[in-house]
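Numbering (our numbering), first residue to last: 48 to 411.
Encoded structure:
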């Protein structure tokens, strides 16, 4: 499986203060060599010749003027290779971490936790301004009572404002906000009693630096992609070899997450049991089942294809998040990608954003 990314600007917990360096969307793409070694290279070489593309390495950033080539490339590769795509709105990742670590533990037993998480995240993404999310990001990087206080005050204020602003026909949304308030206050009481606020934030990513990162989009997308690849590979393959584009800054972090897969398998499998997550991802990893290596994209055609798709998906999501119209020249590509998902196989596109924005992504 050849994996590449687009839009990596580091820790999302710190990113909102600088507007994620102008890149709010992150994408990660995996392309499998299902048809056997060399199959992707043959497709790439034939299409480069057919379309007269003059490049020693096919890169996503240079493909804007080669729409016909890109459409043919995605069409042919998708016909013989499994493709897995993770698209993430980094601001929404901040919201989902807030929901997962601050609210969900206090709402156990109330319906499907994933459905509830989605409803909470949707309404909070629309209700919270960046000041609240910035204060949560600051707290996540240094979790203690003093850093929690600004977040607590801003969060309470925004929830109150959300309730006051709701129309009379928004009864469902009003109940959700009341439920969020109750969960938040319960979490606050528990942490205050224990004098420990670290449970309200993600653990730091394993990596090279002492400080580490707490909300690296690449890390969460990579873990989820591996579980989806496992779902696809399980009936046929005893293991996986992931060839990732060289990542000088984050290679240790990604290797750390790969090493943790087996130890995290019981917890993740239990969490996914009986939910929609179970149908698309398999977290039951055995020790050593995943081999991760890093390679130069110039030497790996699979990485070049992954880069092209990742770049296109990132640009489309970025345009939508900025209120712009995506480039219609690549609409055919997204029609192909839309049809990739096969129930129970893990393949296709997973979008981490609001329900409204996910729907917009597929509007042609």
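Glycine included, C-beta positions come from ideal geometry on N, C-alpha and C.
Identify whether residue i lies in helix, strand or coil by the three-state DSSP scheme.
i           : result
residue 212 : helix
residue 339 : strand
residue 72  : strand
residue 52  : strand
residue 200 : helix
residue 175 : coil
residue 332 : coil
residue 351 : helix
residue 325 : helix
residue 219 : helix
residue 232 : helix
residue 58  : coil
residue 168 : helix
residue 190 : coil
residue 411 : coil
residue 405 : helix
residue 320 : coil
Rounded to the nearest angstrom, what separates residue i and residue j at their Cα positions?
i           : j           : result
residue 304 : residue 216 : 45 angstroms
residue 271 : residue 328 : 7 angstroms
residue 308 : residue 405 : 28 angstroms
residue 362 : residue 72  : 8 angstroms
residue 173 : residue 52  : 27 angstroms
residue 97  : residue 396 : 28 angstroms
residue 284 : residue 87  : 19 angstroms
residue 370 : residue 364 : 10 angstroms
residue 128 : residue 90  : 11 angstroms
residue 109 : residue 389 : 31 angstroms
residue 411 : residue 101 : 30 angstroms
residue 130 : residue 50  : 10 angstroms
residue 70  : residue 140 : 14 angstroms
residue 335 : residue 286 : 8 angstroms
residue 120 : residue 391 : 25 angstroms
residue 263 : residue 297 : 10 angstroms
residue 368 : residue 241 : 40 angstroms
residue 99  : residue 111 : 15 angstroms
residue 320 : residue 314 : 10 angstroms
residue 306 : residue 265 : 16 angstroms
residue 94  : residue 318 : 44 angstroms
residue 66  : residue 211 : 28 angstroms
residue 209 : residue 218 : 12 angstroms
Spatial neighbours of residue i within its chain, please: CB distance less than 6 angstroms, with the 5 preceding and 5 following residues excluded, ordered by chain position.
i           : result
residue 179 : 201, 202, 205
residue 372 : none
residue 366 : 373
residue 169 : 401, 402
residue 198 : 182, 183, 186
residue 134 : 74, 360, 364, 398
residue 118 : 379, 380
residue 177 : 63
residue 145 : 183
residue 350 : 49, 51, 292, 344
Going along the chain, which residues of its own chain have a beta-carbon closer than 7 angstroms to the beta-carbon of residue i, five neighbours each way excluded?
i           : result
residue 376 : 114
residue 269 : 75, 301, 304
residue 188 : 60, 61, 261
residue 274 : 328, 329, 330
residue 244 : 190, 191, 192, 195, 238
residue 347 : 49, 290
residue 394 : 129, 130, 131, 279, 387, 388
residue 220 : 170, 213
residue 56  : 62, 67, 68, 70
residue 407 : 367
residue 325 : 319
Might you give, ordered along the chain, the residues of its own chain that have their beta carbon closer than 8 angstroms to the beta carbon of residue i, omitting 5 neighbours on each side?
i           : result
residue 331 : 277, 312, 316
residue 148 : 246, 247, 248, 249
residue 223 : 166, 167, 170
residue 234 : 149, 150, 152, 153, 247
residue 409 : 381, 385
residue 143 : 164, 168, 399
Does any CB atom of chain D fall closer than 8 angstroms to the CB of residue i?
i           : result
residue 275 : Going by chain labels, chain D is absent from the structure shown, which holds only one protein chain.
Margin query: Ignoring anything shorter than 4 residues, give me the alpha helix (DSSP H) runs that lie fully in the stretch 74-152, in order along the chain.
Written below: 86-98, 114-127, 137-145
Notebook entry, point to check: Given 8 angstroms as the limit, is there contact between the stretch 102-109 and the stretch 347-365, that is, 3 or more CB pairs closer than that?
Noted result: yes
Note to self: Count Cβ pairs between the stretch 77-91 and the stretch 124-141 that sit closer than 8 angstroms; are there 3 or more?
What the structure shows: yes
Margin query: Closer than 8 angstroms is the cut-off here; do at least three beta carbon pairs connect the stretch 217-233 with the stretch 271-281?
Written below: No, the stretch 217-233 is not in contact with the stretch 271-281.
Next item on the list: Taking only runs that begin and end inside the stretch 237-310, name each unbroken beta strand (DSSP E) of 3 or more residues, in chain order.
Entry: The beta strand (DSSP E) runs of length 3 or more contained entirely in the stretch 237-310 are, from start to end of the chain, 287-292.
Checklist line | Sequence ranges, alpha helix (DSSP H) only - wholly within the stretch 367-402, length at least 4 | finding: 378-385
Notebook entry, point to check: Touching or not, the stretch 333-346 and the stretch 283-292, by the rule of three or more beta carbon pairs under 8 angstroms?
Noted result: yes
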